[in-house]
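Note that the sequence shown covers residues 1 to 387 in the UniProt record's numbering. Ideal Cβ placement from N, Cα and C applies to all residues, glycine included. All remarks here apply to the structure that follows.
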Amino acid sequence: MNFDLTPEQDQLRDAVRELARKYGHSYFVGKAKSGEHTTELWHEAGRLGYLGVNIPTEYGGGGGGITELALVCEELAAAGCPLLLLVVSPAIAATVINKHGTEEQRKKHLPGLADGSQKIVFAITEPDAGSNFHRLGTVARRDGDDWLLTGRKIYISGVDEAGHVLVVARTQDSSTGKLKPALFIVPTDAPGLEKSKLDMEILSPENQFLLFLDDVRLPADALVGESLDAGLPALFAGLNPERITVAAMGAGTGRYAIEKASDYTATRKVWGGRSIGSHQGVAHPLAHAAVQVELARLMIYKAATLYDAGRDLEAGVSGNMAKYAAGEAAALAVDTAVQALGGAGMTTEYGVATLLGAVRAGRIAPVSREMILNFVAQHVLGQDKSY
């Protein structure tokens, strides 16, 4: 059992950390408050090869795995720059296309995803279906050689930044008549596709959208994979990377908050000559949060290692546990940091309250803590399905 990173992973972590600190949380907040995107950071990360670490070298990537992408997500977040589209584009879309797309789809999309010149976002959630993808209302039907997509999607990140959206729909199997999932690569400027920005109480450079698909016409090669049989495995291929990288982003955010609070409490003196951090009432909550973040990190990299080894079932359990642990730890760390800083914790200048909305959302999305507990109860503890 080895808990050490490889030399190459160490170098990647240090390089990403250096880049992230060059930009920092003030850059992230400035972009979010002005309604802009973190374009400069994204393009520099792409030019340096950090966005494509999990993409095969033959398509312009680094040839690594989700472990390497988790390192990138964590270190950017640890500098106060949690980039949500890292989860959506390199983790989900690139993994799905690489594992289950056609060779033409890989050649067309993976190089751009690797260098950051292309973004593909992901659309599965619907207003009425929630976490139950079996009840998806978005339907794809044949029209000659083309496909027509109709339906609605909600909480779709970064549609305004992306050239394509990976849409999960349901199709009818002609042999059985049953509906089965299928994934389509849809241009965001396709006729019949409309987007409406959602107002969110989260400070983030990435926007959320409601999508309307009204008979969006797509060519046959928009379907991910060679046939409809690729739909279900393609869908599940993106879920473990999503949970692992979301968890890594949460752990990085927790590290950032604890570091900011620790620096403050170690130097703040209001009761004689002692720092406020010397008091257990201040130090112990921060120490507790640090323990929770570190425990979450252990599960994240266990899950990433299992996933990269091809042990999908075990990675599914660990990935869900990692997402749960990191969501709780990040929320705890940011809240504890705000409390330790007192009034300063609520200011923009000190840069911790600016993350409250994001870490709270991390306990809900992309899968809620309650659904993860349902999963663990059923698949780990052997309990009857409760929903």
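Judged by DSSP in its simplified three-state form, I92 adopts helix.
Residue range H164 to Q172 is occupied by the beta strand (DSSP E) that includes Q172. For V53, no beta strand (DSSP E) encloses it, and the DSSP letter there is neither H nor E. Contact holds between the segment 74-94 and the segment 34-51, because three or more Cβ pairs, one in each stretch, are under 8 Å apart. By the neighbour-count definition (other C-beta atoms within 10 Å, threshold 16), R274 is an exposed residue. Around the Cβ of A248, a 10 Å sphere holds 16 or more other Cβ atoms; the residue is buried. The shortest C-alpha to C-alpha distance from S26 to any of D229, P205, V167 and L149 is the one to P205. In this structure, the straight-line span from the alpha carbon of Y324 to that of E74 is close to 16 Å. L193 places its beta carbon 8 Å or farther from that of A169. The beta carbons of L332 and Q292 sit closer together than 8 Å.
Less than 8 Å divides the Cβ of F209 from the Cβ of L198. For P187, the enclosing beta strand (DSSP E) stretches over residues L179 to P187. Assignment of D115 by DSSP, reduced to helix, strand and coil, places it in the helix class. Taking a contact to require three or more Cβ pairs closer than 8 Å, the segment 315-324 and the segment 369-378 qualify as touching. Counting every other CB atom within 10 Å of its CB across the protein chains shown gives L71 a total of 16 or more, marking it as buried. Separation of E8 and G52 (C-alpha to C-alpha, rounded to the nearest whole angstrom) is 15 Å. Per DSSP, V87 is not a residue of any beta strand (DSSP E), being assigned neither H nor E. Residue pairing by DSSP leaves K385 without any beta bridge partner. Around the beta carbon of A340, 16 or more other beta carbons sit within 10 angstroms, so the residue counts as buried.
About 11 Å separates the beta carbon of G319 from that of Y301, a gap too long to meet the 8 Å contact definition.
Here the segment 112-121 makes contact with the segment 154-166; the two share three or more CB pairs at distances below 8 Å. Exclusion of the five residues before and after L76 leaves A20 and L83 as the residues of its chain whose Cβ lies within less than 6 Å of its Cβ. Here V380 has V317 as same chain residues with Cβ atoms under 8 Å from its own Cβ, once five neighbours each way along the sequence are excluded. A distance below 8 Å separates the beta carbons of L110 and Y59. If you check the CB distance, G362 and G225 do not come in under 8 Å. For W147, the number of other beta carbons within 10 angstroms of its own is at least 16, and it is reported as buried. Cβ neighbours of S227 within its own chain (closer than 6 Å, five residues either side excluded): none. Under the three-state reduction of DSSP output, T67 falls in the helix class.
In the three-state reduction of the DSSP assignment, D199 falls in the coil class.
As summarised for the segment 234-321, the continuous alpha helix (DSSP H) elements at least 4 residues long and confined to that stretch are 239-267 and 280-308, given in chain order.
With a contact defined as Cβ atoms closer than 8 Å, I202 and G357 qualify at about 4 Å.
Looking at the DSSP output, K153 shares a beta bridge with L211.
Short of 6 Å from the beta carbon of T265, and not among the five residues preceding or following it, lie these beta carbons of its own chain, in chain order: I276, G277, V282 and A340. Of the candidates R142, E68, P187 and S262, the residue whose Cα lies closest to the Cα of A123 is P187. Taking 8 Å as the upper bound for CB-CB distance, G158 and T138 are not in contact here, some 19 Å apart. In the displayed model, V216 falls within a strand according to three-state DSSP.
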